[in-house]
Amino acid sequence: MIHLSLCDLIEGLLRMADGIDAFVLNGVDSSFRLDIRRRRYGVSVFDEKTRLDDTPLASLIEAVRRGLEAHFRDAPIEDPEAPVIDELLRLRQALNRLD
């Protein structure tokens, strides 16, 4: 399930880099919800209605990149042929192409 949530997060960040103003990330099992909204000087991340942090979009993207690299390094992929893994790897490449 973590891979599905990672795909949703990366897709949202890619769309935000293309210009959308906000997206909602719901945990695949509905265990969490994050609202990421563009602000004048970056993006804000909300958990339900509480603002958790404000950061430049580029900083959030870089943090996700580092987290993905650590995830792939530390957590062996049980089924590397699974469609969700193919999608996650494709999205990771797209995220890495952002400057």
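Residue numbers (the working numbering): 296 to 394.
Even for Gly, the Cβ is constructed at its ideal location relative to N, Cα and C.
Check	Outcome
Which residues mark the beginning and the end of the alpha helix (DSSP H) in which Ser339 is found?	Note, Ser339: premise wrong, no alpha helix (DSSP H); beta strand (DSSP E) at Gly337 to Asp342.
Look up Val323 in the DSSP assignment and say whether it is helix, strand or coil.	coil
Starting from Leu347, trace the beta strand (DSSP E) both ways and give me its first and last residue.	Thr345 to Thr350
Short of 7 Å in beta carbon distance, which residues of its chain neighbour Thr350, apart from the five on each side in sequence? Order them along the chain.	Gly337 and Val338
Any idea what DSSP makes of Asp330, helix, strand or coil?	strand
Anyone know if the C-beta pair for Leu390 and Ile305 falls short of 8 Å?	yes
Rounded to whole angstroms, what is the Cα-Cα separation between Phe341 and Leu320?	10 Å
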